[in-house]
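Protein chains in written order, with this note's numbering: chain A, 1 to 195; chain B, 1001 to 1076.
One structure below.
In structure tokens form, the structure reads like this:
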């Protein structure tokens, strides 16, 4: 009789333990399925700082027509600066190309303007961009139609958020230009996925 | 049925083509303005003695173009 009562007590205690254990083991699980919609980025924008002086307008004021090679206002030979900078940003994951050309308003002609373009800088990676210059870094005449000057490397294909900085310097040969008149030339930078 | 299949293939190819070229070119423009300052100074170009005993001196403008060669005669 006494044993039977003990067994009932033990069984009751066991049930109590199972109940407590189950109550403690209850876990609330919430599952959230997230979808991320990353917008496409494919853009080109001007960049300026203390070493990249200009963007939409590049002044060559007071040019001396006795010279054959002059730089923009505030520029000197080997000053380590640039006239313009373009930040090319993309997350398309495809090869992109940077092209340049100029449209001169007569009597100004393209044989009087030159550009210099060196290896771009990948601002996101903080290192020189790994793409390929179409021509080695040097001074060249500006082409009259869009011409590839840089082919994106693997690091450029997805270079967001800070993009790849491409800087340019320009020089003019003002000889035989008449004084006291304004000459214009339009520089066009094109970011494209087609070569 | 055959026509529908061919049309479907053309539609598929068209979709592939436009998907592949779906990224429009992006452009920026800079305008270069050039202003040439007037030059109205001279530099010494030579000298000589004329038959009447006067000395001649040549000066020319700084652009050094022959068409703008000026001769200044100075009497000693």
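Quick reminder that beta carbons are idealized off the backbone N, C-alpha and C, glycines included.
Between which two residues does the beta strand (DSSP E) carrying residue i extend?
{"i": "residue 99 of chain A", "result": "97-104"}
{"i": "residue 57 of chain A", "result": "57-63"}
{"i": "residue 141 of chain A", "result": "139-141"}
{"i": "residue 85 of chain A", "result": "84-90"}
{"i": "residue 147 of chain A", "result": "147-151"}
Contact criterion: CB-CB distance below 9 Å. Does residue i meet it with respect to chain A?
{"i": "residue 1064 of chain B", "result": "Here residue 1064 of chain B scores only 49 on pLDDT, less than 50, and its place in the model is too uncertain to base an answer on."}
{"i": "residue 1051 of chain B", "result": "no"}
{"i": "residue 1007 of chain B", "result": "no"}
{"i": "residue 1068 of chain B", "result": "Annotation note: pLDDT 46 at residue 1068 of chain B (below 50); position unreliable, no value reported."}
{"i": "residue 1038 of chain B", "result": "yes"}
{"i": "residue 1076 of chain B", "result": "Residue confidence is low: residue 1076 of chain B scores 49 on pLDDT, short of 50, so the model does not pin down where it sits. No coordinate-derived value is stated."}
Please name the residue in the options whose C-alpha comes closest to that of residue i.
{"i": "residue 182 of chain A", "options": "A:108, A:155, A:31", "result": "A:108"}
{"i": "residue 51 of chain A", "options": "A:75, A:33, A:60", "result": "A:75"}
{"i": "residue 83 of chain A", "options": "A:69, A:150, A:101, A:59", "result": "A:59"}
{"i": "residue 131 of chain A", "options": "A:164, A:184, A:53, A:152", "result": "A:152"}
{"i": "residue 88 of chain A", "options": "A:43, A:148, A:195, A:104", "result": "A:43"}
{"i": "residue 150 of chain A", "options": "A:34, A:96, A:188, A:177", "result": "A:96"}
{"i": "residue 189 of chain A", "options": "A:49, A:48, A:55, A:37", "result": "A:55"}
{"i": "residue 105 of chain A", "options": "B:1027, B:1038, B:1034", "result": "B:1034"}
{"i": "residue 174 of chain A", "options": "A:195, A:112, A:48", "result": "A:112"}
{"i": "residue 140 of chain A", "options": "A:184, A:193, A:101", "result": "A:101"}
{"i": "residue 148 of chain A", "options": "A:72, A:191, A:122", "result": "A:191"}
{"i": "residue 69 of chain A", "options": "A:171, A:85, A:45, A:81", "result": "A:171"}
{"i": "residue 99 of chain A", "options": "B:1027, B:1031, B:1051", "result": "B:1027"}
{"i": "residue 114 of chain A", "options": "A:122, A:72, A:47, A:121", "result": "A:72"}
{"i": "residue 180 of chain A", "options": "B:1025, B:1038, B:1053", "result": "B:1038"}
{"i": "residue 57 of chain A", "options": "A:48, A:63, A:65, A:64", "result": "A:48"}
Based on DSSP bridge pairs, tell me the residues matched to residue i.
{"i": "residue 1023 of chain B", "result": "Per DSSP, none; premise fails for residue 1023 of chain B."}
{"i": "residue 184 of chain A", "result": "B:1033"}
{"i": "residue 169 of chain A", "result": "A:116"}
{"i": "residue 49 of chain A", "result": "A:52"}
{"i": "residue 109 of chain A", "result": "None; residue 109 of chain A has no bridge partner."}
{"i": "residue 191 of chain A", "result": "A:98, B:1026"}
{"i": "residue 121 of chain A", "result": "A:128, A:165"}
{"i": "residue 43 of chain A", "result": "A:89"}
{"i": "residue 133 of chain A", "result": "A:150"}
{"i": "residue 38 of chain A", "result": "Its beta-bridge partners do not exist; DSSP assigns none."}
Let me see if you follow: with CB-CB separation under 9 Å, is residue i close to chain B or not?
{"i": "residue 134 of chain A", "result": "no"}
{"i": "residue 148 of chain A", "result": "no"}
{"i": "residue 179 of chain A", "result": "yes"}
{"i": "residue 151 of chain A", "result": "no"}
{"i": "residue 140 of chain A", "result": "no"}
{"i": "residue 189 of chain A", "result": "yes"}
{"i": "residue 118 of chain A", "result": "no"}
{"i": "residue 31 of chain A", "result": "no"}
{"i": "residue 162 of chain A", "result": "no"}
{"i": "residue 50 of chain A", "result": "no"}
{"i": "residue 54 of chain A", "result": "yes"}
{"i": "residue 183 of chain A", "result": "yes"}
{"i": "residue 158 of chain A", "result": "no"}
{"i": "residue 195 of chain A", "result": "no"}
{"i": "residue 68 of chain A", "result": "no"}
{"i": "residue 129 of chain A", "result": "no"}
{"i": "residue 170 of chain A", "result": "yes"}
{"i": "residue 192 of chain A", "result": "yes"}
{"i": "residue 186 of chain A", "result": "yes"}
{"i": "residue 111 of chain A", "result": "no"}
{"i": "residue 92 of chain A", "result": "yes"}
{"i": "residue 84 of chain A", "result": "yes"}
{"i": "residue 62 of chain A", "result": "yes"}
{"i": "residue 174 of chain A", "result": "yes"}
{"i": "residue 43 of chain A", "result": "yes"}
{"i": "residue 59 of chain A", "result": "yes"}
Could you spell out the range, first to last residue, of the alpha helix (DSSP H) harbouring residue i?
{"i": "residue 155 of chain A", "result": "154-157"}
- Query: Any contact of the region 153-162 of chain A with the region 79-96 of chain A, i.e. 3+ C-beta pairs under 8 Å?
  - Reply: The region 153-162 of chain A makes contact with the region 79-96 of chain A; the number of CB pairs closer than 8 Å reaches 3 or more.
- Query: Are the region 123-130 of chain A and the region 167-183 of chain A in contact at 8 Å, needing three or more beta carbon pairs?
  - Reply: Taking 8 Å as the limit for Cβ pairs, the verdict is that the region 167-183 of chain A does not touch the region 123-130 of chain A.
- Is the region 141-150 of chain A touching the region 32-49 of chain A in the sense that three or more CB pairs, one from each, lie closer than 8 Å? The region 32-49 of chain A makes no contact with the region 141-150 of chain A: fewer than 3 CB pairs, one atom from each, lie closer than 8 Å.
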